[in-house]
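There are 2 protein chains.
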Amino acid sequence: MKKVIKVICHHEYGVPEEVARVESRELPAIAADQVLVEMKASPINPADINRLEGKYPIRSPLPAIAGNEGAGIIAQTGGAVSNLRVGQPVFSLDWVGNWCEAYVADANSLIPLPDDMPLEQAAMLSVNPPTAWRMLETFVDLHPGDWVIQNAANSGVGRAVIQIARLRGLKTVNIVRRKDLIPELEAEGADVVITDEIPLSKQIRDLTGNGTAPLGLNAVGGESAREIAKSLSDHGTLVTYGAMGLQPLQMSNSLLIFKDLCFRGFWINAWYKRAEVSEIREMFDHLIPLLTSGTLKVPIEKTYPLTNVKDALIHACQSSRTGKILFVMN
Amino acid sequence: MKKVIKVICHHEYGVPEEVARVESRELPAIAADQVLVEMKASPINPADINRLEGKYPIRSPLPAIAGNEGAGIIAQTGGAVSNLRVGQPVFSLDWVGNWCEAYVADANSLIPLPDDMPLEQAAMLSVNPPTAWRMLETFVDLHPGDWVIQNAANSGVGRAVIQIARLRGLKTVNIVRRKDLIPELEAEGADVVITDEIPLSKQIRDLTGNGTAPLGLNAVGGESAREIAKSLSDHGTLVTYGAMGLQPLQMSNSLLIFKDLCFRGFWINAWYKRAEVSEIREMFDHLIPLLTSGTLKVPIEKTYPLTNVKDALIHACQSSRTGKILFVMN
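Chains as they are written, first to last, in numbering that gives the first Met the number 0: chain A, 0 to 329; chain B, 0 to 329.
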């Protein structure tokens with residue numbers, strides 16, 4: 000393994016493709032309880048874009064190496080490391096520094112993966128599938144046959160929701176912006192896919208047996224969130240985990256008072272922070288087999304080398320994408 | 000007791016003082032398990048105004064006798080009634096028909112009151128103090144010293160919140176529209192009273208030890224609700240129980256996602272509907288002594304006879320009131 004590696008770094012906040020640049024770093028020697036991870040793949044997530052813009056609620060000290068998730072393989076182990084071996088696929092739950100060719104980590108901070116894990120998919124394992132998993136676990140006691148309504152259904156989280164819901168016997172109404180996504184999501188297991196022409200709520204209420212859905216998932220905000228809220232059952236819960244539309248939630252008082260809806264938020268970073276290690280491992284015990292079996296699969300639109308960071312970021316910001324943009328290393 | 004009585008009735012929805020009118024009704028004979036209640040006092044609540052306007056989520060079949068709460072005394076008992084006696088003060092948990100001189104009720108449907116109960120205060124016992132009581136009980140596990148933030152603090156519910164919070168050792172930040180209300184609410188036990196100049200949230204965060212308040216209560220909506228939400232602690236809950244400002248709640252996505260706030264609604268009618276009889280009686284076992292002792296007291300601005308319904312309704316709709324408008328009968 001070479002000792003000088005490439006990373007994507009930013010020294011200021013601003014337009015992502017203008018502030019992110021490729022730099023060289025020297026790798027430190029590993030200590031006895033550390034390992035060297037050779038990165039293989041890392042996606043460009045909305046949170047990465049927000050971090051580069053300075054719009055994320057956590058700001059790393061600058062300069063910072065970007066990239067909030069990714070997967071690699073162990074290239075070297077310290078003398079005291081017994082839980083990981085050279086060649087083993089891993090990912091970390093650190094939320095920065097994944098856009099690099101390699102990094103040094105404490106052996107205990109990594110989550111090991113099976114050898115047959117597809118690494119481009121594994122690179123997208125720590126944020127979106129857990130967000131989907133936790134949102135279907137945490138807020139409402141769901142039973143097979145229950146409806147879940149979501150917007151941004153073609154996002155990484157949205158697709159994971161479709162696939163996990165299907166496994167659990169839940170039914171999904173999926174709202175997308177473009178008609179051409181409908182057959183694709185149906186093929187992945189979506190029960191109903193509709194486009195976001197407002198008003199949606201009457202249509203959704205009809206589709207779900209006159210408003211029986213106890214859970215809505217919102218990553219858009221504004222009118223889209225309001226329509227989902229109106230289509231939920233009495234005492235239903237709307238969980239907001241993203242704000243792609245950049246519009247605040249507008250909630251009529253009567254939805255709160257007379258329909259007794261509950262509005263919550265979800266942020267996977269905060270969940271990781273408060274979760275027990277055993278809870279995290281238990282969740283991945285469920286999720287990892289779904290990836291290795293191909294059940295949980297995120298379409299990839301294009302991969303880029305780290306050196307093409309500008310093109311990759313411009314591509315990732317296009318709204319007409321149908322899959323993820325990933326960096327692929329080495 | 001006379002057999003023909005006056006009631007306030009409406010045959011259509013519209014401007015309250017135009018659609019509400021005084022009519023005569025013949026009283027039916029009472030059955031063995033019924034009683035005749037001679038009404039003594041009944042307030043004009045915001046819900047009454049909304050019902051007359053047709054803006055309430057429940058619409059009674061028209062024509063309807065208005066008035067959602069009130070208190071009276073037993074004027075006559077049926078032969079099989081043993082739990083109530085002539086002369087006993089009572090109130091009912093029916094939500095219509097209180098603006099009348101008398102009504103016939105099933106003996107089991109009434110809540111008995113002590114003889115020394117001030118009846119004008121008792122007339123305001125079934126909606127506002129229970130709303131305040133339940134909101135402080137239901138949503139957050141509050142401990143002495145915890146802050147509660149509310150707008151519309153001079154409303155019937157608002158004053159009950161101040162008084163019940165004080166009894167429980169909770170501290171309140173109270174938002175009002177007019178400066179002249181400050182000394183009055185302070186005298187009733189409010190810890191802090193401020194006027195609603197936006198932005199409020201920084202001021203409230205400073206007053207509560209940099210945002211430690213776990214509970215906010217909102218009866219206004221719009222900017223006022225948003226400022227309370229911003230001033231709450233992480234993981235705090237904002238409960239909406241009214242919409243005086245007629246503006247929807249605007250919740251920034253980051254308050255939901257990153258601050259993990261929870262937005263709920265509360266409607267006392269729905270609570271009564273799902274509560275056990277024992278829960279309701281237990282609540283009044285707490286509340287009734289607070290009224291007879293004068294601890295829980297709603298200021299009354301003016302009383303009107305039923306025959307002055309137009310003046311009473313116009314007065315009740317004035318925003319400059321400092322106390323309730325009541326009908327007083329007989």
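Don't be surprised by glycine CBs; every beta carbon is placed ideally from N, CA and C.
ask   = Which stretch, first to last residue, makes up the alpha helix (DSSP H) that contains Leu206(B)?
value = Working through the second sequence from its first residue, we reach residue 206(B) at position 207. First-last of the alpha helix (DSSP H) with Leu206(B): Ser200 to Leu206.
task = From the DSSP output, in three-state form, read off Arg330(A) for me.
result = Not covered by the structure: residue 330(A). The range shown for chain A is 0 to 329.
request  = From the DSSP output, in three-state form, read off Gln75(A) for me.
outcome  = In the first sequence, residue 75(A) corresponds to position 76, counting from 1. If DSSP states are grouped into helix, strand and coil, Gln75(A) belongs with the strands.
inquiry  = What does the Cβ neighbour count give for Glu278(A), buried or exposed, with the cut at 16 atoms within 10 Å?
reply    = Position 279 of the first sequence, counting from 1, holds the residue named residue 278(A). Exposed: under 16 other Cβ atoms inside 10 Å.
task = Mind listing the chain A neighbours of Gln249(B)? Cutoff is C-beta to C-beta under 9 Å, in chain order.
result = Here the question's residue 249(B) lines up with position 250 in the second sequence. Going along chain A in sequence order, the residues near Gln249(B) (Cβ under 9 Å) are Pro247, Leu248, Gln249 and Met250.
Segment contact flag, the segment 289 to 298 of chain A with the segment 124 to 136 of chain A, C-beta cutoff 8 Å, min 3 pairs = yes
request  = Please report the Cβ distance between Gly157(A) and Asn173(A), rounded to the nearest whole angstrom; I am assuming they are in contact, meaning their Cβ atoms lie under 8 Å.
outcome  = Your numbering for residue 157(A) matches position 158 in the first sequence. Your numbering for residue 173(A) matches position 174 in the first sequence. About 7 Å separates the two Cβ atoms, so the contact holds.
request  = Quick one: grab the DSSP three-state call for Lys1(B).
outcome  = The sequence position of residue 1(B) within the second sequence is 2, counting from 1. Correct three-state label for Lys1(B): coil.
key: Uninterrupted alpha helix (DSSP H) stretches inside the segment 133 to 184 of chain A (no shorter than 4 residues)   = 155 to 166
message = Contact defined as beta carbons within less than 8 Å: I believe Asn150(A) pairs with Val219(A). What is the distance between those atoms, to the nearest angstrom?
response = The count along the first sequence starts at 1 and reaches residue 150(A) at position 151. The count along the first sequence starts at 1 and reaches residue 219(A) at position 220. Asn150(A) to Val219(A), Cβ: 5 Å. Contact.
query = Along chain B, in chain order, which residues have C-beta atoms closer than 9 Å to that of Ser232(A)?
reply = Working through the first sequence from its first residue, we reach residue 232(A) at position 233. The premise fails here: Ser232(A) is roughly 14 Å from chain B at the closest Cβ pair, so nothing lies under 9 Å.
task = Please report the Cβ distance between Gln259(B) and Gly215(A), rounded to the nearest whole angstrom; I am assuming they are in contact, meaning their Cβ atoms lie under 8 Å.
result = Counting from 1 along the second sequence, the entry for residue 259(B) is found at position 260. Counting from 1 along the first sequence, the entry for residue 215(A) is found at position 216. A small correction: the amino acid at residue 259(B) is Asp; Gln does not occupy that position in the sequence shown. Rounded, the Cβ-Cβ distance is 17 Å, inconsistent with contact.
request  = Compile a chain-ordered list of the residues in the segment 192 to 216 of chain A whose CB is closer than 8 Å to at least one CB of chain B.
outcome  = none
message = Along the segment 256 to 275 of chain B, where does the CB come closer than 8 Å to a CB of chain A? Name the residues.
response = Ile256, Phe257, Lys258, Asp259, Leu260, Cys261, Phe262, Arg263, Gly264, Phe265, Trp266 and Ala269
key: Within 7 Å of chain B by C-beta, residues of the segment 23 to 57 of chain A in sequence order   = Pro56
request  = Determine the direct distance from the alpha carbon of Ala186(A) to that of Val147(A), and round the result to whole angstroms.
outcome  = Within the first sequence, the letter at position 148 stands for residue 147(A). Within the first sequence, the letter at position 187 stands for residue 186(A). Answer to the nearest angstrom: the Cα atoms are 18 Å apart.
CB of Arg225(B) within 9 Å of CB of Gln202(B), strictly = Position 226 of the second sequence, counted from the first residue, corresponds to residue 225(B). Position 203 of the second sequence, counted from the first residue, corresponds to residue 202(B). Taking 9 Å as the Cβ cut-off, Arg225(B) and Gln202(B) do not qualify as a contacting pair.
key: Delimiting residues of the alpha helix (DSSP H) encompassing Pro15(A)   = Residue 15(A) sits at position 16 when you count from the first residue of the first sequence. Pro15(A) -> alpha helix (DSSP H) spans Pro15 to Val18.
inquiry  = Under DSSP, the beta strand (DSSP E) around Asp105(A) begins and ends at which residues?
reply    = Taking the first residue of the first sequence as position 1, residue 105(A) is located at position 106. Unbroken beta strand (DSSP E) run through Asp105(A): Ala101 to Asp105.
inquiry  = I'd like to know whether the C-beta of Asn220(B) is nearer than 9 Å to at least one C-beta of chain A.
reply    = Numbered from 1 along the second sequence, position 221 holds the residue referred to as residue 220(B). The amino acid occupying residue 220(B) in the given sequence is Gly; Asn does not appear at that position. Yes, Gly220(B) lies at the interface with chain A (some Cβ there is under 9 Å from its Cβ).
task = Run the CB neighbour count on Ala104(B), radius 10 Å, all protein chains shown included, and call it buried at 16 or more, exposed below.
result = Locating residue 104(B) in the second sequence gives position 105, where the first residue counts as 1. Buried: at least 16 other Cβ atoms inside 10 Å.
inquiry  = At a threshold of 8 Å, does Ser108(B) count as lining the ligand GDP (C-beta to nearest heavy atom)?
reply    = With respect to the ligand GDP, the structure offers nothing, as it holds no ligand at all.
request  = Check the DSSP bridge columns for Thr302(B) and list the partner residues they point to.
outcome  = In the second sequence, the residue the question calls residue 302(B) occupies position 303. In DSSP, Thr302(B) forms a bridge with Leu325(B).
ask   = Among all the DSSP beta bridges, which residues are the ones paired with Phe90(A)?
value = Reading the first sequence from its first residue, position 91 is the one you call residue 90(A). The partner list for Phe90(A) (beta bridge, DSSP) reads Ala70(A) and Ile110(A).
ask   = Contact between the segment 308 to 315 of chain A and the segment 19 to 31 of chain A: three or more CB pairs below 8 Å?
value = yes
ask   = So what's Met38(A) in DSSP terms, helix, strand or just coil?
value = The sequence position of residue 38(A) within the first sequence is 39, counting from 1. Strand at Met38(A).
query = CA-CA distance, Ile256(B) and Tyr240(A)?
reply = The residue labelled residue 256(B) in the question sits at position 257 within the second sequence. The residue labelled residue 240(A) in the question sits at position 241 within the first sequence. C-alpha separation (whole angstroms): 6 Å.
request  = Would you kindly work out how many angstroms separate the C-alpha atoms of Trp98(B) and Phe90(B), rounded to a whole number?
outcome  = For the purposes of this step, residue 98(B) is identified with residue 99 of the second sequence, where counting begins at 1. For the purposes of this step, residue 90(B) is identified with residue 91 of the second sequence, where counting begins at 1. So the alpha carbons of these two residues sit roughly 13 Å apart.
inquiry  = Determine, for Gly188(A), whether the minimum Cβ-Cβ distance to residues of chain B falls below 9 Å.
reply    = Counted from its first residue, the first sequence places residue 188(A) at position 189. Output row for Gly188(A): interface = no.
inquiry  = For the pair the segment 25 to 36 of chain B and the segment 76 to 92 of chain B, tell me if three or more CB-CB distances fall below 8 Å.
reply    = yes
key: Span of the alpha helix (DSSP H), counted from its first residue to its last, around Gln120(A)   = Position 121 of the first sequence, counting from 1, holds the residue named residue 120(A). Leu118 to Ala121 is the extent of the alpha helix (DSSP H) around Gln120(A).
inquiry  = With H, G and I counted as helix, E and B as strand and the rest as coil, what does DSSP make of Phe257(B)?
reply    = As a first step, residue 257(B) is located in the second sequence; it is residue number 258 there, counting from the start. Residue state, collapsed to three classes: coil.
query = Between Ser81(A), Tyr271(A) and Ile324(A), which lies nearest to Asp93(A) when the distance is taken from Cα to Cα?
reply = In the first sequence, the residue the question calls residue 93(A) occupies position 94. Selected option, being the one with the closest Cα: Tyr271(A).
request  = Could you please give the first and the last residue of the uninterrupted beta strand (DSSP E) stretch that includes Asn268(B)?
outcome  = Position 269 of the second sequence holds residue 268(B). Careful: Asn268(B) lies outside any beta strand (DSSP E), inside the alpha helix (DSSP H) at Ile267 to Arg273.
key: Residue-level contact to chain A via CB, Ser125(B), 9 Å cutoff   = Position 126 of the second sequence holds residue 125(B). Not an interface residue.
Classification of Ala28(A) by the beta-carbon crowding that lies within 10 angstroms, buried from 16 upward = Here the question's residue 28(A) lines up with position 29 in the first sequence. Its Cβ having fewer than 16 others within 10 Å, Ala28(A) is exposed.
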